[in-house]
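Residue numbers (the numbering used here): 6 to 566.
#1: Pair every Cβ in the stretch 352 to 363 with every Cβ in the stretch 237 to 246, then say whether three or more of these pairs are closer than 8 angstroms.
#2: Which stretch, first to last residue, makes up the alpha helix (DSSP H) that contains residue 4?
#3: Residues bridged to residue 198 by DSSP?
#4: For the putative contact between residue 182 and residue 52, defined by C-beta atoms under 8 angstroms, what is the C-beta separation to the nearest angstrom?
#5: Identify, in the order they occur along the chain, each residue of the same chain with its Cβ nearer than 8 angstroms to the Cβ of residue 128, setting aside the five sequence neighbours on each side.
#6: Could you check where the alpha helix (DSSP H) with residue 275 kicks off and where it finishes?
#7: Residues bridged to residue 221 by DSSP?
#8: Is the distance from the Cβ of residue 30 to the Cβ of residue 311 below 8 angstroms?
#9: Enumerate in chain order the residues of its own chain whose CB-to-CB distance from residue 531 is below 7 angstroms, with the five nearest sequence positions on each side excluded.
#10: For residue 500 and residue 114, which I take to be in contact (beta-carbon distance under 8 angstroms), what is that distance rounded to the nearest angstrom?
#11: Among all the DSSP beta bridges, which residues are the ones paired with residue 343?
#12: Would you mind listing the alpha helix (DSSP H) stretches within the stretch 135 to 188 that are 4+ residues and don't spill past its ends, in chain order?
#13: Between which two residues does the beta strand (DSSP E) harbouring residue 247 extend?
#14: Assuming residue 426 and residue 542 are in contact, meaning their beta carbons sit under 8 angstroms apart, how far apart are those beta carbons, in whole angstroms?
#15: To which residues of the same chain is residue 26 closer than 6 angstroms at the C-beta, ignoring the five residues directly before and after it?
#16: May I ask you to list the residues that DSSP assigns as paired with residue 447?
#17: Residue ranges of each alpha helix (DSSP H) run of no fewer than 4 residues wholly in the stretch 481 to 537, ordered along the chain?
#18: Go through its chain and collect everything with a Cβ distance to residue 284's Cβ below 8 angstroms, but skip five positions before and after it.
#19: Assuming residue 55 and residue 461 form a contact by the criterion Cβ under 8 angstroms, report the distance between their Cβ atoms to the nearest whole angstrom.
#20: Have a look at 75, 143 and 58 and flag the residue whose alpha-carbon is nearest the alpha-carbon of residue 559.
#21: Is residue 304 helix, strand or coil by DSSP?
#22: Touching or not, the stretch 186 to 194 and the stretch 485 to 499, by the rule of three or more beta carbon pairs under 8 angstroms?
#23: For residue 325, does the three-state DSSP call read helix, strand or coil?
#24: What's the call for residue 563, buried or exposed, on a 16-neighbour Cβ count within 10 Å?
#25: What does the alpha-carbon distance come out to for the pair residue 16 and residue 448?
#26: Can you list, in chain order, the residues of its chain with a C-beta nearer than 8 angstroms to that of residue 219? Leave out the 5 residues immediately preceding and following it.
#27: Which residues in the same chain as residue 552 place their Cβ atom closer than 6 angstroms to its Cβ, once the five residues preceding and following it in sequence are excluded?
#28: With a 10 Å radius around its C-beta and 16 neighbouring C-beta atoms as the bar for buried, classify residue 287 as buried or exposed.
#29: Is residue 320 helix, strand or coil by DSSP?
#30: By the 10 Å Cβ neighbour count, where 16 or more other Cβ atoms means buried, how is residue 518 classified, buried or exposed?
#31: Taking the beta strand (DSSP E) that residue 239 falls in, what are its first and last residues?
#32: Below 8 angstroms on the Cβ atoms is my guess for residue 396 versus residue 13; work out the distance and round it to an integer in Å.
#33: For residue 361, count neighbouring Cβ atoms within 10 angstroms of its own Cβ and tell me buried if that reaches 16, exposed if not.
#34: Measuring only the C-alpha atoms, how far is residue 539 from residue 524?
#35: Taking the alpha helix (DSSP H) that residue 18 falls in, what are its first and last residues?
#36: Does the beta-carbon of residue 23 have 16 or more other beta-carbons within 10 angstroms, so that it is buried, or is it exposed?
In structure tokens:
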């Protein structure tokens with residue numbers, strides 16, 4: 006049985022480390038499915054399974070734990086950024102500015118509550134107490150990069166005698182995770198939120214904002230001004246984007262092009278943006294019922310999948326579907342949403358386009374677009390790791406601020422997230438194919454999350470009990486909990502009652518402000534929409550920057566040896 010004992014005790018063995026993570030993650034995931042009062046922590050429970058493992062001595066070398074923790078965090082935030090990137094900048098309008106303002110207010114309140122607890126509960130004559138409170142602050146807000154920034158700054162102030170603030174961080178972190186999720190739940194009851202109603206509001210908002218959502222109609226030309234005018238002339242004069250996919254003239258159906266001439270009594274099938282259809286109907290003529298039975302040549306409608314990487318990023322105007330292929334594209338389906346095929350809309354790998362035209366011409370377009378589901382089954386691994394390389398380099402860039410001995414850095418979380426958002430939105434411009442299936446994105450995201458949670462838990466568990474029982478450990482737990490929940494319970498209701506934000510957006514905003522993946526995982530678990538992820542990513546970059554900045558400012562300006 007020596008082999009079995011060695012498997013559980015030889016911490017440097019690869020088999021032991023793999024077994025450690027397998028046990029912690031599987032136990033945490035299964036226990037996280039247990040509901041208490043209708044609420045479960047989900048994968049968040051992996052953190053507590055890790056703490057238990059670390060406490061009983063089931064652990065691994067610290068450098069390996071740190072590597073797996075950081076790699077898991079990079080993978081998690083990168084896949085989040087890649088998913089929300091296409092819609093990130095569109096969401097950063099007036100609402101985005103308000104969300105970031107609320108996030109900055111919450112960060113300021115975290116710091117004020119920390120100083121309040123410092124003066125009320127601790128001996129201010131002890132020069133190590135304030136640095137330990139900084140550790141408590143960053144455990145309470147679950148921000149590991151901020152802890153690292155504070156440690157670097159403390160090294161410049163104290164040298165080799167810098168206080169070990171990681172123990173205070175470990176005390177505050179577990180209740181910080183629970184406190185964030187608990188406060189999010191408490192906001193729900195304080196503001197009398199009904200989750201079903203919030204989902205319905207998100208659905209209606211998506212419809213209201215979908216100005217590019219296609220509208221289909223059959224019209225008859227009754228405007229005398231249009232007699233003898235070409236389709237291009239009508240399009241330019243109206244100054245509205247629309248696609249005329251077929252036209253019925255003198256009992257014959259054909260596919261129009263830019264030179265097709267309009268005549269009174271012509272009937273046509275038009276697709277346009279929902280925002281434009283009323284103006285188009287008023288200008289061309291009324292909506293009618295049309296019999297398309299007679300036509301000069303058989304026409305087909307076919308959905309074609311864009312899988313050819315060379316098409317990625319090209320707009321419909323550049324593709325010249327009507328003049329080159331003799332077909333019309335009426336709409337695009339992207340991430341489950343129908344979009345109007347306007348000339349300026351860029352195509353992306355994974356789009357499905359509705360093509361109308363002669364069957365042979367439609368087939369030629371299908372060959373050009375790729376139309377291969379098998380090609381999409383293979384994930385674009387190169388894009389993910391190229392993005393991670395760029396993100397790590399970007400996050401490592403030092404930002405020098407006059408008067409501060411330690412330059413600021415966005416770190417291994419902030420850098421990859423920002424780069425992922427940019428790649429998700431603009432990657433096609435540099436020929437990066439960013440498409441991944443939803444299941445592939447979720448799998449990579451969840452793997453990154455559980456690796457991160459397991460590593461943090463195992464590291465914190467080793468000395469967690471001693472730190473809590475001895476010295477000021479219990480005070481760190483208490484003050485950390487206050488630092489966590491008080492700002493959320495102030496800002497959350499304000500965001501709901503004054504600014505009227507959707508509850509799921511608030512949950513994502515709180516998770517992003519605290520840079521807390523477990524809270525985001527919980528928020529995502531109670532919502533079928535992307536509102537929590539968008540809220541999270543809207544405030545995350547600024548929040549990460551402010552967390553790192555304030556960590557160093559507090560140490561450099563208030564902590565003296």
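Just so you know, even glycine gets a beta-carbon here, dropped at the ideal spot from N, CA and C. These numbers come from a predicted model, not from an experiment.
Reading it off the structure:
#1: At 8 angstroms Cβ cutoff, the stretches do not touch.
#2: Here the chain comprises residues numbered 6 to 566, so residue 4 is not present and cannot be evaluated.
#3: Answer is none; residue 198 lacks a bridge partner.
#4: Cβ-Cβ separation between residue 182 and residue 52: approximately 6 angstroms, consistent with a contact (criterion under 8 angstroms).
#5: 134
#6: First-last for residue 275: 272 to 278, but that is the beta strand (DSSP E), not the alpha helix (DSSP H).
#7: 276
#8: no
#9: 200
#10: Their Cβ separation, rounded to whole angstroms, is 13 angstroms, which puts residue 500 and residue 114 out of contact at 8 angstroms.
#11: 338
#12: 149 to 163
#13: 247 to 254
#14: 6 angstroms
#15: Within the same chain, residue 26 has close Cβ partners 459.
#16: Residue pairing for residue 447: DSSP places it in no beta bridge.
#17: Within the stretch 481 to 537, the complete alpha helix (DSSP H) runs of at least 4 residues fall at 508 to 518 and 522 to 530.
#18: 243 and 245
#19: That pair is a contact at about 7 angstroms.
#20: 143
#21: strand
#22: yes
#23: Correct three-state label for residue 325: coil.
#24: exposed
#25: 28 angstroms
#26: Excluding residues up to 5 positions away in sequence, 276, 277, 278, 279, 335, 336, 343, 344, 345 and 346 lie with their Cβ nearer than 8 angstroms to the Cβ of residue 219 in the same chain.
#27: 148 and 151
#28: exposed
#29: strand
#30: Around the beta carbon of residue 518, 16 or more other beta carbons lie within 10 angstroms, which makes this residue buried.
#31: Not the beta strand (DSSP E): residue 239 falls in the alpha helix (DSSP H), residues 236 to 243.
#32: Between residue 396 and residue 13 a beta carbon distance of about 36 angstroms is seen, past the 8 angstroms cut, so the two are scored as non-contacting.
#33: buried
#34: Spanning the two alpha carbons is a distance of roughly 14 angstroms.
#35: First-last for residue 18: undefined, no H or E at that position.
#36: Burial check for residue 23: the Cβ neighbour count within 10 Å stays below 16, so the residue is exposed.
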